[in-house]
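**Student:**
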Amino acid sequence: MKKIVVLAIIFIVMVSCSDNTRRIDDSATALPIERLDQLVYHYNEIDSATRDCLTDSMSPGLDIYLRVAGINSDSIDVDSALTMLSGSQPVKVFTPDVDDRLHSIEDLEMSLGIALRRIQTVLPGIDVSHIYGVVSPYRQSVITADSVVFVALNLYLGRDYPGYSGFEDYFRQTRESVRIPYDVIEALVASRYPIDNDRAKTILSKMLYQGALVYAVMSSIPDADLSLALGVSGEDLKWLEGNESLIWDKLIQQGLLYSSSEIDASKLLMPSPATPAIHPEAPGRVGRYVGYAIVKSYVDKHKDVTLEQLLSSDYYGETKTLIDAGYVPAR
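Pasting the structure below:
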């Protein structure tokens with residue numbers, strides 16, 4: 662069986678070598694995830710000629726990947742770096758589990774392809790030439806660099822994966838492979854339209870920016886699930902929807918909307934087990950949820966607004982945006 666896998670890897674590499682400048686076809690439906698993780702895992706079993714072909718075919722992202730893996734390619738040649746990486750603990754431990762739990766990713770690639778085409782229609786500045794599946798020792802699940810995207814597949818093995826037992830529950834619940842298209846699209850949009858920190862001084866402005874990101878994801882993913890776009894569990898989303906007015910009242914009462922506190926902003930927007938400042942039972946990311954609700958209210962009242970405008974600091978950096986949104990929390 663192992664020999665068959667290696668032969669399959671070699672075939673994939675040789676196909677890749679036929680066109681070293683290969684880019685993702687704009688007319689394609691699926692967005693292929695090139696399995697760099699498998700190639701690295703089997704690197705020491707591949708002959709030298711195929712290794713040379715591999716490094717050439719992977720050149721668009723190989724140097725970046727090595728840096729992500731903590732290897733300085735300036736001080737070590739690529740062949741030695743990949744040989745070392747192939748025998749590294751994360752690669753040896755996670756790759757077999759990735760193969761076992763993510764042995765079929767065609768549906769994910771289809772969702773990714775559709776989502777990318779949709780988002781490029783309204784945000785043509787987003788460019789993707791290659792997307793690589795990798796094993797990463799870090800907790801960042803998606804990394805973008807120019808037109809290259811890396812997806813740490815070892816971070817999408819399911820909340821029940823034994824290797825995540827030491828992580829917090831709120832982190833484990835977002836480790837399902839179905840999240841990959843959501844995380845990739847958000848990473849691409851955020852990379853192309855990063856927040857303007859000079860304009861986004863208040864928590865409200867940060868909420869609006871986060872809400873615009875969620876709206877971008879919801880607009881591009883086929884049959885999008887709001888809980889996945891927000892990065893919360895289905896149970897947490899139910900709590901947020903059922904307590905929207907309570908959250909809004911607390912934000913007003915505590916003067917948080919126009920606060921410039923980075924600590925408070927982080928507590929409201931970043932992944933966390935809870936938001937006790939709002940309510941003892943409030944889950945994390947309540948600010949992200951309300952930000953999306955405001956953005957959606959704005960879009961409902963301004964049908965001609967573009968996604969690019971929503972991602973502009975002229976939108977999320979203006980205090981009048983809240984008034985123009987006519988937002989009324991569900992009660």
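Okay, so the sequence shown: first residue is 662 according to this note's numbering, each after it adds one.
All residues carry an ideal CB built from backbone N, CA and C; glycine is no exception.
State the DSSP-derived secondary structure class of TYR793, mapped to helix, strand or coil.
**Tutor:** Here TYR793 sits in strand by DSSP.
**Student:** By how many angstroms is the C-alpha of LEU968 removed from the C-alpha of ALA935?
**Tutor:** If I take the Cα positions, the gap works out to 30 Å.
**Student:** What's the C-alpha gap between GLY722 and GLU770?
**Tutor:** Straight-line Cα distance between these residues: approximately 19 Å.
**Student:** Under 7 Å from any heavy atom of the ligand FMN, does the C-beta of PRO941 make it?
**Tutor:** Annotation note on the ligand FMN: not contained in the displayed structure, which lists no ligands.
**Student:** Report all residues from its chain with a CB closer than 6 Å to the CB of VAL878; omit the five preceding and five following residues, and keep chain order.
**Tutor:** Closer than 6 Å at Cβ, skipping near neighbours: TYR843, ILE846, GLU847 and ALA890.
**Student:** If we ignore side chains and look at the alpha-carbon of each, how far apart do ALA851 and LEU874 end up?
**Tutor:** If you take the alpha carbons of ALA851 and LEU874, they lie about 7 Å apart.
**Student:** To the nearest angstrom, how far is the alpha carbon of PHE832 from that of VAL893?
**Tutor:** Cα-Cα distance, rounded: 9 Å.
**Student:** Apart from the five residues on each side of it in sequence, which residues of its chain come closer than 7 Å, Cβ to Cβ, to LEU692?
**Tutor:** Answer for LEU692: ILE685, GLU770, LEU773, GLY774, LEU777 and ILE792, listed in chain order.
**Student:** By a C-beta neighbour count over all protein chains shown, 10 Å radius and 16 as the cutoff for buried, is ASP698 buried or exposed?
**Tutor:** Buried, because 16 or more other Cβ atoms sit within 10 Å of the Cβ of ASP698.
**Student:** What would DSSP say about GLU979, mapped onto helix, strand or coil?
**Tutor:** The answer is coil: DSSP assigns GLU979 none of H, G, I, E or B.
**Student:** So what does THR805 bridge to, in DSSP terms?
**Tutor:** Partner(s): VAL810.
**Student:** Rounded to the nearest angstrom, what separates LEU849 and ASP985 at their Cα positions?
**Tutor:** Distance between the alpha carbons of LEU849 and ASP985 is about 28 Å.
**Student:** Provide the residue span of the alpha helix (DSSP H) that contains ALA954, from first to last.
**Tutor:** Note, ALA954: alpha helix (DSSP H), 947-962.
**Student:** Going by CA-CA distance only, name the one from SER906, GLU896 and VAL951 that's closest to ASP830.
**Tutor:** Nearest of SER906, GLU896 and VAL951 to ASP830, Cα basis: GLU896.
**Student:** Can you look up GLU896 in the DSSP assignment and give me helix, strand or coil?
**Tutor:** Helix at GLU896.
**Student:** Give a yes or no on whether the C-beta atoms belonging to ARG840 and GLY819 are separated by under 8 Å.
**Tutor:** Going by C-beta atoms, ARG840 is not nearer than 8 Å to GLY819.
**Student:** For GLU695, which beta-bridge partners are listed by DSSP?
**Tutor:** TYR793.
**Student:** Is SER933 near GLY945, with beta carbons less than 8 Å apart?
**Tutor:** In contact: SER933 and GLY945 (Cβ atoms closer than 8 Å).
**Student:** Within the same chain, show all residues whose beta-carbon is closer than 6 Å to that of ARG853, passing over the 5 residues directly before and after it, in chain order.
**Tutor:** Here the set comprises GLY786 and ILE787.
**Student:** Within 10 Å of its beta-carbon, does VAL754 have 16 or more other beta-carbons around it, so buried, or fewer, so exposed?
**Tutor:** Answer is exposed; the Cβ neighbour count stays below 16.
**Student:** Is it true that the CB of VAL739 sits closer than 8 Å to the CB of VAL701?
**Tutor:** No, the Cβ-Cβ distance between VAL701 and VAL739 is not below 8 Å.
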